[in-house]
Amino acid sequence: DAKTTQPTSMDCAEGRAANLPCNHSTISGNEYVYWYRQIHSQGPQYIIHGLKNNETNEMASLIITEDRKSSTLILPHATLRDTAVYYCIVRGVRSGNTPLVFGKGTRLSVIA
Amino acid sequence: SQTIHQWPATLVQPVGSPLSLECTVEGTSNPNLYWYRQAAGRGLQLLFYSVGIGQISSEVPQNLSASRPQDRQFILSSKKLLLSDSGFYLCAWDTDLLGNTIYFGEGSWLTVV
Chain A
21 DAKTTQPTSM
31 DCAEGRAANL
41 PCNHSTISGN
51 EYVYWYRQIH
61 SQGPQYIIHG
71 LKNNETNEMA
81 SLIITEDRKS
91 STLILPHATL
101 RDTAVYYCIV
111 RGVRSGNTPL
121 VFGKGTRLSV
131 IA
Chain B
4 SQTIHQWPAT
14 LVQPVGSPLS
24 LECTVEGTSN
34 PNLYWYRQAA
44 GRGLQLLFYS
54 VGIGQISSEV
64 PQNLSASRPQ
74 DRQFILSSKK
84 LLLSDSGFYL
94 CAWDTDLLGN
104 TIYFGEGSWL
114 TVV
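Note that the protein sequences, when read in sequence, are chains A and B.
According to my numbering, the residues represented by the first sequence are 21 to 132, in order.
According to my numbering, the residues represented by the second sequence are 4 to 116, in order.
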């Protein structure tokens, strides 16, 4: 079972920041927070991941609370192409024994 | 750079026919390999994963099987397909590195009729 909780769906106006929350209250000290997104009929795409510190890349920013029990993915200027299902996943540092388990994710709709 | 390929991209198979989906990874060695399935309108379900040649872990009991005959090759098979096997099948890989990231193939659409 997935160890994260996300809202089922969200809307965001084009050009505005999209803030997608995720709760992972049972995260352990050696688990990372990963974000992926899946655009219809495509394989999931990696966005960003982090352990404790906030992270930023060309796609998004990841804000992790100090107690690590929740995080927020921020798409700074959402476009119509960002419409997708966004998955928040926690995972241990050694992948072989901890396969990536997807929950239901958040369906983000970017509206013109 | 590393790449992952899976094929065929699309297939339509009759009930009771066999299935073989193939996945290969290039540009890395000893990857962990995964098969996921996504039924229409549903989430991603992990089917099998493998940490090495001949090592297969099954997550969901079903009429599907997986094999890893070579380090970078992962095959999903069935002897007799069911209607419920229809869906979007995804192969993925990663490595046992700190903070590793998993990468997905393009996917294979299977329709069982």
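Positions of the beta carbon are idealized from the N, C-alpha and C atoms, including for glycine.
Only a predicted model underlies this, so the values are computations on that prediction, with no experimental measurement involved.
_C-beta contact flag for residue 24 of chain A and residue 109 of chain A at 8 Å_ = By one-based count along the first sequence, residue 24 of chain A stands at place 4. By one-based count along the first sequence, residue 109 of chain A stands at place 89. Closer than 8 Å, so yes.
*asked:* Helix, strand or coil for residue 101 of chain A? Go by DSSP, reduced to three states.
replied: Residue 101 of chain A sits at position 81 when you count from the first residue of the first sequence. Residue state, collapsed to three classes: helix.
_Given a cut-off of 8 Å on the beta-carbon distance, is the pair residue 93 of chain B and residue 107 of chain B in contact?_
By one-based count along the second sequence, residue 93 of chain B stands at place 90. By one-based count along the second sequence, residue 107 of chain B stands at place 104. Going by C-beta atoms, residue 93 of chain B is nearer than 8 Å to residue 107 of chain B.
*With burial defined as no fewer than 16 other Cβ atoms inside 10 Å of the residue's Cβ, what is the status of residue 57 of chain B: buried or exposed?*
Along the second sequence, one-based indexing puts residue 57 of chain B at 54. Counting Cβ neighbours within 10 Å, residue 57 of chain B comes out exposed, since fewer than 16 surround it.
*Can you find a C-beta in chain A that's less than 8 Å from the C-beta of residue 109 of chain B?*
As a working mapping, residue 109 of chain B is identified with position 106 in the second sequence. By this cut-off, residue 109 of chain B is an interface position.
_Between the alpha carbons of residue 79 of chain A and residue 18 of chain B, how many angstroms are there, rounded?_
Within the first sequence, the letter at position 59 stands for residue 79 of chain A. Within the second sequence, the letter at position 15 stands for residue 18 of chain B. Taking the straight line joining both Cα atoms gives about 43 Å.
*asked:* Excluding the 5 residues flanking residue 4 of chain B on each side, which residues of the same chain have their C-beta closer than 6 Å to its C-beta?
replied: Along the second sequence, read from residue 1 onward, the residue named residue 4 of chain B stands at position 1. Answer for residue 4 of chain B: 30, listed in chain order.
*Residues of chain B with a CB under 9 Å from the CB of residue 66 of chain A: which are they?*
Here residue 66 of chain A corresponds to residue number 46 of the first sequence, with the count starting at 1. Those within 9 Å of residue 66 of chain A in chain B are 104, 105, 106 and 107.
*Below 7 Å between beta carbons is the criterion; list the residues of the region 42-68 of chain B that meet it against any residue of chain A, in chain order.*
46, 47, 49, 52 and 54
_Test: residue 37 of chain B CB closer than 8 Å to a CB of chain A_ = Within the second sequence, the letter at position 34 stands for residue 37 of chain B. At least one chain A Cβ lies under 8 Å of residue 37 of chain B.
*For residue 62 of chain A, go through chain B and note every residue whose CB falls closer than 8 Å to its CB, in chain order.*
Here residue 62 of chain A corresponds to residue number 42 of the first sequence, with the count starting at 1. The answer, in chain order, is 109 and 110.
*May I ask you to report which of helix, strand or coil DSSP gives residue 87 of chain B?*
In the second sequence, the residue the question calls residue 87 of chain B occupies position 84. Residue state, collapsed to three classes: helix.
*For residue 105 of chain A, count neighbouring Cβ atoms within 10 angstroms of its own Cβ and tell me buried if that reaches 16, exposed if not.*
Position 85 of the first sequence, counted from the first residue, corresponds to residue 105 of chain A. It is buried - the Cβ of residue 105 of chain A has at least 16 other Cβ atoms within 10 Å.
*Secondary structure at residue 128 of chain A, three-state DSSP: helix, strand or coil?*
As a position in the first sequence, residue 128 of chain A is number 108, starting the count at 1. Correct three-state label for residue 128 of chain A: strand.
*Compute the beta-carbon to beta-carbon distance between residue 77 of chain B and residue 14 of chain B, rounded to the nearest angstrom, for a pair I have assumed lies under 8 Å.*
On the second sequence, position 74 is the one that residue 77 of chain B refers to. On the second sequence, position 11 is the one that residue 14 of chain B refers to. 17 Å between Cβ atoms; not a contact.
*Per DSSP, what kind of secondary structure is residue 9 of chain B in: helix, strand or coil?*
Sequence index remark: in the second sequence, residue 9 of chain B carries index 6 (1-based). In this structure, residue 9 of chain B counts as strand in the three-state DSSP scheme.
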